[in-house]
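In full-length UniProt numbering, the protein residues as written are 1 to 297. Data block below; observations after.
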Amino acid sequence: MKRLRPPVMRASDTVQACVAGITIPERALALTEALPTIQSCEAEYLQLGPAGQLYRILPSPGVTSAIDAALMGVIYKNHFARQGSPSRALYDRIKMAPEFGLCPMCGQRIVATVDHYLPQSRFPTLNLTPANLIPACSDCNKRKLASVPSRAEDQTLHPYFDDLGNERWLIADIQPSMPPTVSFGIRAAGTWGEVLTARVRNHFDVMGLANLFVAQAASELADMSYGLEQIGATAGPLGIRQHLEIQFWSCQARDANSWKTALYEGLRNSDWFCEEGYGLIRNRHPSNEAPMAHILL
Numbered sequence: 001m002k003r004l005r006p007p008v009m010r011a012s013d014t015v016q017a018c019v020a021g022i023t024i025p026e027r028a029l030a031l032t033e034a035l036p037t038i039q040s041c042e043a044e045y046l047q048l049g050p051a052g053q054l055y056r057i058l059p060s061p062g063v064t065s066a067i068d069a070a071l072m073g074v075i076y077k078n079h080f081a082r083q084g085s086p087s088r089a090l091y092d093r094i095k096m097a098p099e100f101g102l103c104p105m106c107g108q109r110i111v112a113t114v115d116h117y118l119p120q121s122r123f124p125t126l127n128l129t130p131a132n133l134i135p136a137c138s139d140c141n142k143r144k145l146a147s148v149p150s151r152a153e154d155q156t157l158h159p160y161f162d163d164l165g166n167e168r169w170l171i172a173d174i175q176p177s178m179p180p181t182v183s184f185g186i187r188a189a190g191t192w193g194e195v196l197t198a199r200v201r202n203h204f205d206v207m208g209l210a211n212l213f214v215a216q217a218a219s220e221l222a223d224m225s226y227g228l229e230q231i232g233a234t235a236g237p238l239g240i241r242q243h244l245e246i247q248f249w250s251c252q253a254r255d256a257n258s259w260k261t262a263l264y265e266g267l268r269n270s271d272w273f274c275e276e277g278y279g280l281i282r283n284r285h286p287s288n289e290a291p292m293a294h295i296l297l
């Protein structure tokens, strides 16, 4: 859900760095000889990626006759990603790219690994292609697994290629309850086509963002409850709305589509919350009851 600047490095950089750290001569030679094939696949990837058509790339059992998917996996793990290897600096450059170290797939959790957008077990020719390597948290990495999209609509968002624009599209709905119920959903931006809209919703579902954002919102409500009660006691509903308005604009200035921006917009727009809902936050459900979450379509 967060756009990243694509890596400036290319497959030639990662392959050559790996070769420099391989002590088995036959393996180093095989990887060197595979570079033209890897570069050809990289060129196809860089052509199809910005058009949202990576689903058209066909899986393959290996890179060359000398390097199958299993060996390419070993090269990635034992050479490219291994601590202390000559290529580890390139791995870390990709991993550390996001602002504040936050996963671009969910925008919330800390980056813990580098994920292959097209899975390495099915696309070994892209194992060392920087544009296919995405910094990710452990949860997003596990949720995505080795799924291979067969249609454009089935693709999750690609941080290097997909631009969702600046229009507000993440929304929060506030339902009267004790405590207030918050739901997050997607309102397609005017610049999106049908395919991008479907992809955003698919990404939202695959990464479990509705439940993640609801959990974050529940904590935020708990943190603000005392302060809102004090504002309400002295300034009433108008004071509550003005406070939420300031919080909304502050959050939007940093990220127009963060869960916080959506939450404060939803709270500000809810007459019920501004008049009485803010006073019901601390009357929480028993600990075994979870807040509601769903996607608004």
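For every residue, glycine included, the Cβ atom is placed at its ideal position computed from N, Cα and C. Computed from a predicted model, the values in this text were never measured in an experiment.
- Between the alpha carbons of Val15 and Gly84 lies a gap of roughly 16 angstroms.
- Val182 has Ile174 as its beta-bridge partners, per DSSP.
- Counting the other Cβ atoms within 10 Å of the Cβ of Thr261 gives 16 or more, which makes it buried.
- Each residue's CA atom was taken as its position, placing Glu26 and His116 some 26 angstroms apart.
- DSSP places Asp271 within a helical segment (H, G or I) once states are collapsed to three.
- Less than 9 angstroms divides the Cβ of Gly73 from the Cβ of Asn127.
- Non-local C-beta neighbours of Ser150 in its own chain, meaning closer than 8 angstroms and more than five positions away in sequence, comprise Tyr55, ordered along the chain.
- Secondary structure note for Thr37: its alpha helix (DSSP H) is the uninterrupted segment Pro25 to Leu48.
- Runs of alpha helix (DSSP H) with 4 or more residues, each lying fully within the segment 76-103, are found at 88-95, listed in chain order.
- Of the residues assessed, Arg268 falls on the buried side of the cut-off, its CB having 16 or more other CB atoms within 10 angstroms.
- Using a Cβ distance threshold of 9 angstroms, Ser270 and Ile174 count as a contacting pair.
- Between the alpha carbons of Thr197 and Ser177 lies a gap of roughly 31 angstroms.
- DSSP links Ala136 through a beta bridge to Thr113.
- The beta carbon of Ser138 sits closer than 7 angstroms to those of Ala112 and Thr113, all from its chain and outside the five residues before and after it, given in chain order.
- A straight line joining the alpha-carbon of Arg168 with that of Arg241 spans about 20 angstroms.
- For Ile281 against Pro119, the beta-carbon gap comes to about 42 angstroms, at or over 8 angstroms, which does not count as contact.
- Residue pairing by DSSP puts Asp68 in a beta bridge opposite Gly62.
- By the Cβ-count criterion, Ser258 is buried, with 16 or more other Cβ atoms from all chains shown falling within 10 Å of its own Cβ.
- Within its own chain, the residues whose Cβ lies closer than 6 angstroms to the Cβ of Ala66, once the five positions on either side in sequence are excluded, are Ala30, listed in chain order.
- Take the alpha-carbon of Gly208 and the one of Ile24: they are about 43 angstroms apart.
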